[in-house]
Each structure stands twice: as structure tokens, then as C-alpha cells.
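In UniProt numbering, the protein residues as written are 1 to 62.
See structure below.
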């Protein structure tokens, strides 16, 4: 049960948090983000083939 949470649930929550806060985070919050990525790295590796975190395409009006 704890292994599933460590490898799937918590890394998914970390990815959602990173997606929401990456561009507006303060320096202390960014340090927390780096720690979370380090701590949940195995689960993030498992989820990485299925996640697309690239920025959305911009519409340029001419």
C-alpha cells in the first residue's frame, strides 16, 4: 500500500503541483520543489513516459 503511494500517487500529486506553480514560485518554494523531485524520483521516472508538461501552444495573431 505504501509502495503504491510512493511510486504512483504522491509523484502524480507532485507533478500536478509542479505544473501549477513552476513559473510563479519563490526561491524557497523552488527549493521545496527540488527536494520533492529528488525524494520521489523513482515514481517520477515511472510516470514520465505518460506525462506531457510542455507549455501550451501560443496563438499569435497577425
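We put the CB at the ideal spot given by N, CA and C, even for glycine.
Residue nearest to residue i in terms of C-alpha spacing, selected from the options
i: residue 6; options: 40, 24, 27; result: 40
i: residue 23; options: 54, 46, 60, 59; result: 54
Chain D contact for residue i (CB, 9 angstroms cutoff)
i: residue 25; result: Protein chain content of the structure displayed is limited to a single chain, and chain D is not contained in it.
Cβ-based neighbour list, residue i, same chain, cut-off 7 angstroms, excluding 5 preceding and 5 following
i: residue 21; result: 29
i: residue 18; result: 33
i: residue 36; result: 14
Residues of its chain near residue i, where Cβ-Cβ distance is below 6 angstroms and the 5 sequence neighbours each way are ignored
i: residue 1; result: none
Pair within 9 angstroms by beta-carbon distance, residue i and residue j
i: residue 16; j: residue 43; result: no
i: residue 12; j: residue 47; result: yes
Cutoff 8 angstroms; reference residue i; Cβ partners in own chain excluding five residues on either side
i: residue 61; result: none
i: residue 25; result: 33
Q.
Threshold first: 4 residues or longer. Then list the alpha helix (DSSP H) segments lying entirely within the stretch 8-41, N to C.
A. With a minimum length of 4 residues, the continuous alpha helix (DSSP H) runs that stay inside the stretch 8-41 are 10-21, 27-39.
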